[in-house]
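Residue numbers (the working numbering), protein chains in the order written: chain A, 1 to 210; chain B, 1 to 68. Idealized CB from N, CA, C, for every residue including glycine. Quick caveat: nothing in here was measured; it's all calculated off a predicted structure. See below for the structure under consideration.
Spelled out as structure tokens, the structure:
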């Protein structure tokens with residue numbers, strides 16, 4: 001069993017995604033899964049395509065920018081689009097990127113492939129008081145913890161569908177926390193976390209496991 | 001003023017009430033936007049501005065329907 005984590009880090013937003021997904025790389029290793037971590041300038045089309053073809057990971061997590069028809073890597077180089085999406089067939093994919101589930105995810109997903117992603121933009125909130133210490137930022141955790149829970153669930157062997165259900169439940173809990181005003185300026189983040197809740201979807205083989 | 005313009009005006013007033021300490025990232029821009037930058041994006045009809053309008057409107061609809 002192999003997993004691949006793609007973690008570009010060339011701007012502020014990707015810095016957060018990369019930081020939060022680091023723990024998932026460790027978790028994958030701890031579970032005895034052969035874990036391939038490609039971060040920063042290693043998240044290029046050439047390197048990632050090569051790994052997917054030769055190493056054949058059963059689970060891939062993409063962190064990066066995206067659009068309805070593509071997923072990007074380092075310096076926004078296109079990693080996956082309509083020309084090469086077939087390399088992802090028969091895998092369980094999670095794309096933490098904007099909108100990539102909308103068109104690309106639909107194309108990739110089939111009876112033996114699961115694609116988890118976001119049908120619209122993925123929003124991320126942050127606490128300006130924690131800019132130099134991400135680990136203290138409770139706001140960004142509300143946005144990214146559900147995503148991490150989703151991947152943990154997959155690594156534990158749960159189905160793609162169950163992983164999404166768990167992540168959505170966690171998002172709902174976080175929405176309730178924001179509604180209760182437990183953190184500063186909570187209400188301002190609500191529409192954006194609700195957007196992520198609505199945008200997250202699983203397509204294709206919902207019972208797929210790694 | 002047509003319906004879209006009224007909605008835009010309501011959302012702008014809503015965003016104005018946000019704290020200046022809040023920062024949100026959206027889309028492939030890679031940077032976090034402050035309240036004032038969000039307002040500017042909406043007022044100048046950029047693609048991010050339009051997306052924020054949609055997000056805010058969807059949330060208001062969900063509130064009305066009791067979904068959140």
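Could you check the C-alpha separation between residue i and residue j for me, to the nearest Å?
i	j	result
residue 45 of chain A	residue 88 of chain A	13 Å
residue 134 of chain A	residue 1 of chain B	44 Å
residue 1 of chain A	residue 116 of chain A	19 Å
residue 170 of chain A	residue 143 of chain A	10 Å
residue 48 of chain B	residue 26 of chain B	7 Å
residue 20 of chain A	residue 14 of chain A	10 Å
residue 139 of chain A	residue 20 of chain B	15 Å
residue 28 of chain A	residue 64 of chain A	19 Å
residue 250 of chain A	residue 173 of chain A	The structure shown does not extend to residue 250 of chain A, since chain A is modelled only from 1 to 210, so the question has no answer here.
Which bits of chain A does residue i rub up against, with CB to CB less than 8 Å?
i	result
residue 56 of chain B	191
residue 18 of chain B	185 and 188
Could you work out which residues of chain C lie near residue i, taking near to mean beta carbons separated by less than 8 Å?
i	result
residue 21 of chain B	This model lacks chain C altogether; the protein chains it does include are A and B.
What is the residue span of the alpha helix (DSSP H) that residue i lies within?
i	result
residue 192 of chain A	186 to 199
residue 25 of chain A	12 to 30
residue 34 of chain B	First-last for residue 34 of chain B: 32 to 34, but that is the beta strand (DSSP E), not the alpha helix (DSSP H).
residue 154 of chain A	138 to 155
residue 55 of chain A	45 to 55
Listing by chain order, which chain B residues have their CB less than 9 Å from the CB of residue i?
i	result
residue 76 of chain A	28 and 30
Could you tell me which chain A residues have their CB closer than 7 Å to the CB of residue i, listed as they occur along the chain?
i	result
residue 51 of chain B	121
Give me the DSSP bridge partner(s) of residue i.
i	result
residue 202 of chain A	A:116
residue 94 of chain A	A:61 and A:116
residue 127 of chain A	B:22
residue 67 of chain A	A:70
residue 110 of chain A	A:113
Which residues of chain A have a Cβ atom closer than 9 Å to the Cβ of residue i, listed in chain order?
i	result
residue 24 of chain B	123, 124, 125, 126, 188, 189 and 192
Can you pull the chain B residues whose beta carbon is under 7 Å from the beta carbon of residue i, in chain order?
i	result
residue 61 of chain A	Simply none; closest approach about 18 Å.
residue 11 of chain A	30 and 31
residue 171 of chain A	Correct list: empty, because the minimum Cβ distance to chain B is about 11 Å.
residue 175 of chain A	68
Helix, strand or coil for residue i? Go by DSSP, reduced to three states.
i	result
residue 5 of chain A	strand
residue 37 of chain A	strand
residue 50 of chain B	helix
residue 133 of chain A	coil
residue 101 of chain A	helix
residue 171 of chain A	helix
residue 62 of chain B	helix
residue 67 of chain B	coil
residue 207 of chain A	coil
residue 181 of chain A	coil
residue 122 of chain A	coil
residue 83 of chain A	coil
Residues of chain B with CB under 8 Å from residue i, in chain order?
i	result
residue 4 of chain A	Result: empty, since nearest Cβ-Cβ is about 22 Å, beyond 8 Å.
residue 67 of chain A	28
residue 195 of chain A	55, 58 and 59
What are the boundary residues of the beta strand (DSSP E) that residue i is part of?
i	result
residue 79 of chain A	78 to 80
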